[in-house]
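By the UniProt record's numbering, the letter at position 61 of the sequence shown is numbered 61, and the numbering carries on one by one without gaps.
Working notes, beginning with the structure itself.
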Amino acid sequence: MLGRAAFPLQRELDTTATILANRQDESEQSRKKLIEQSREFKKNTPEDLRKQVAPLLKSFQGEIDALGKRSKEAEAAFLNVYKRLIDVPDPVPALDLGQQLQLKVQRMHDIETENQKLRETLEEYNKEFAEVKNQEVTIKALKEKIREYEQTLKNQAENIALEKEQKLQNDFAEKERKLQETQMSTASKLEEAEHKVQALQTALEKTRTELFDLKTKYDEETTAKADEIEMIMTDLERANQRAEVAQREAETLREQLSSANKSLQLATQIQKAPDVEQAIEVLTRSSLEVELAAKEREIAQLVEDVQRLQGSLTKLRENSSSQISQLEQQLTAKNSTLKQLEEKLKGQADYEEVKKELNILKSMEFAPSESSGAQDASKPLEVLLLEKNRSLQSENATLRITNSDLSVRCAELQIQLTEAVATLASQKELVAKLEHDLSTIQALSAVPRPDAEGAAAPSLERIPEPIKEATALFYGHPPSPGTSFPEGQMDSLLSIISSQRERFRAKNQELEGENRMLQHTVHALQSELDNLRADNIKLYEKIKFLQSYPGRGSSRDDTEQRYSSQYEERLDPFSSFSRKERQRKYLSLSPWDKATLSMGRLILSNKTARTVAFFYTLFLHCLVFLVLYKTAWSESVGRDCAAFCAKKYADHLHKFHKNGDMDNMWLGDV
């Protein structure tokens, strides 16, 4: 209902109604006074004067009665209009609802056309059904044939089921036998693999020890040969020095011998010399010859020693080179054997994993019960297979019984599934159609702003009929006789909208739950990623520690370089100090500053967030400008409408009530 303080027109109507009520009371009192005065005038005036004034008084009285009657009719009409305007409700929600209902009525017309089409289709189906009813005899015969076929199919299905059951039992027995063989072969292969691994480990250890012994022996022999070669070289140098000394001595002796020969020639020439000198010369000559012969023998011996030492040195070099080549060949062979053993050991490195998988398979396939767990754990594999076979046979019998029940249930469920799928498809189409209609209604239903103060009410004649019907239904007034409205349409539409709202609410809750789960998963993955990054940095630290040993390769890939940079950044004292300072500054901030900083980081780090923030700010500014413009426009329109209404009302009073001054003047004269 419109309130009394809704707009100035209503207040003016209230004041006018009050003034009219007061004027009615005043006119009644003045009328009574006038009647009393006229009676006194008749008593006090002479008869001839009364006769002269009587026609004038009657004319005045008739005119006053006519004016009173007209004023009462005008006041009554005004009060009727005033009462109806007071009782007139606010038309804005009714107009909104009317507009929505008009769209719904349009939709109803479409639905009626669709219903008409469906009725025509239904009539066609009914005709076909009537034609089908005429063929009852054929249907009965076909039913008998269907029963026979069903009985035949049932017998065939039973036979096929028995055959399938027998085949499944045979297949199961075959698979069980193959599984037993596979498990036994796996167990034997596992034992062989264990023996091979043990043998390979022992061979590897033995090869490593032999290789270490060979290496030590090779190092010892190499050092011994080097020492022996060094000693032989020193002996050879000494022999060469002695040979050079002997050669020098032999040359001196030769020189002495040549001088002796010369002296001997001189002695022969001097034959006349005394005998004593000859004897001395003979003696010196013989001694020199003896000394020369000794020196020559010594030189020959030294030459033989030098040749023998050179031959032994050459032989020793040949022997050492051959031994070195043999040792290198043995070392190469041992290294190749060691590599082959290591590769074989790497190829069989999944021994523990295979053993673990076999134990898991045994525990899964032949899981012992809780009561006999300790007893069954020590049972051999064959006993476990037999027990498993018995349990599987009993389970097969129960499954056979369950299969027959489930086949019947499956046929029933298949029929129900077909019906449910058809119903679901029709409901999905209906829901999609309703959602499309509601979205179309929401898009078309632009809610108008209320009119300004003092604006004239819209004419009821220009309102469409669906809006009048909606207004009548909303406020309880009966609809006009010329229109009709389907019963229960409002309730059905409200139930559809309520169900759609519930579906949207459930879907929203489901999406919110999924969003929370995804956020939780993202946080968990982020923490796991941080942990993996920290573990990778620690692994790189260990790799760098291992690479610090001599003889390691220095090649790096991209992953090592990336984690190398992260490792170096973590060890950087300046970056660590800056991180600590940033953390200290962040912790010293107030909660709202932290919230503002986090929001700013979130917006700046995400392109979508930046776009949303920009458009949100732009939307807020536009909304503020529109609200201010609308407020100013509404106030201006209100003032203009109030002035226009006041002017129209004044013109109306001046046009239809201009004789009021003459009545007042006449009443004053009387």
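Backbone N, C-alpha and C fix where the C-beta goes; we use that ideal spot for every residue, glycine too.
If you're wondering where the values come from, they're calculated on a predicted model, not measured in any experiment.
Taking the CB atoms as reference points, tell me whether residue i and residue j lie closer together than 8 Å.
| i | j | result |
| --- | --- | --- |
| glutamate 165 | arginine 400 | yes |
| leucine 327 | leucine 200 | no |
| glutamine 348 | lysine 154 | no |
| alanine 250 | glutamate 296 | yes |
| alanine 609 | isoleucine 603 | yes |
| glutamate 176 | asparagine 389 | yes |
| glutamate 75 | leucine 34 | no |
| lysine 355 | leucine 190 | yes |
| arginine 31 | lysine 42 | no |
| threonine 186 | leucine 358 | yes |
| leucine 179 | leucine 338 | no |
| phenylalanine 172 | asparagine 396 | yes |
| lysine 225 | serine 320 | yes |
| leucine 85 | leucine 13 | yes |
| glutamate 221 | glutamine 323 | yes |
| glutamate 230 | leucine 316 | no |
| serine 38 | leucine 67 | no |
Grab the span of the alpha helix (DSSP H) containing residue i for me, first residue to last.
| i | result |
| --- | --- |
| aspartate 350 | From DSSP, aspartate 350 is part of no alpha helix (DSSP H); its letter is neither H nor E. |
Looking at the structure shown, is residue i part of a helix, part of a strand, or coil, going by DSSP?
| i | result |
| --- | --- |
| threonine 608 | helix |
| threonine 617 | helix |
| leucine 424 | helix |
| glycine 553 | Any reading at glycine 553 must be qualified, since the residue scores a pLDDT of 48, below 50, and its modelled position is unreliable; the value itself is stated next. Three-state result, glycine 553: coil. |
| leucine 589 | coil |
| aspartate 535 | helix |
| histidine 652 | helix |
| leucine 331 | helix |
| glutamate 635 | helix |
| glycine 476 | Summary for glycine 476: the model assigns pLDDT 45, below 50, so the residue's position carries little reliability, and this model does not support an answer. |
Using only alpha-carbon positions, find the residue among the options that is nearest to residue i.
| i | options | result |
| --- | --- | --- |
| glutamine 310 | Leu434, Thr234, Leu162 and Ile497 | Thr234 |
| alanine 246 | Val303, Glu144, Leu623 and Lys217 | Val303 |
| leucine 341 | Lys206, Leu253 and Arg242 | Lys206 |
| glutamine 198 | Leu628, Glu352 and Gln169 | Glu352 |
| glutamate 28 | Lys648, Val637, Glu123 and Lys72 | Lys72 |
| serine 499 | Val431, Leu511 and Gly513 | Val431 |
| asparagine 335 | Ala54, Lys215 and Leu623 | Lys215 |
| glutamine 241 | Glu221, Val306, Glu194 and Glu255 | Val306 |
| isoleucine 232 | Ser188, Leu313 and Arg308 | Leu313 |
| glutamine 256 | Ser287, Lys167 and Ile324 | Ser287 |
| aspartate 213 | Glu124, Leu331, Thr398 and Val105 | Leu331 |
| lysine 538 | Ser259, Ser565 and Gln37 | Ser565 |
| glutamate 291 | Glu635, Phe577, Leu589 and Arg254 | Arg254 |
| tyrosine 82 | Ala17, Leu417, Ala333 and Glu114 | Ala17 |
| leucine 597 | Tyr586, Leu623 and Lys167 | Tyr586 |
Say whether chain C places a C-beta atom closer than 8 Å to the C-beta of residue i.
| i | result |
| --- | --- |
| arginine 639 | Of the protein chains in the structure, only one exists, and it is not chain C. |
Flag residue i as yes when its Cβ comes closer than 7 Å to any non-hydrogen atom of the ligand NAP, and as no otherwise.
| i | result |
| --- | --- |
| glycine 98 | By its list of ligands, the structure shown contains no ligand whatsoever, and the ligand NAP lies outside what it can speak to. |
Legend entry - alpha helix (DSSP H) segments (min. 4 residues) lying fully within the stretch 149-231: none
Inset, instruction - Identify every run of the alpha helix (DSSP H) within the UniProt domain "Cux N-terminal" (9-99), keeping only runs that are complete inside it and at least 4 residues long; order them along the chain. - result: 47-87
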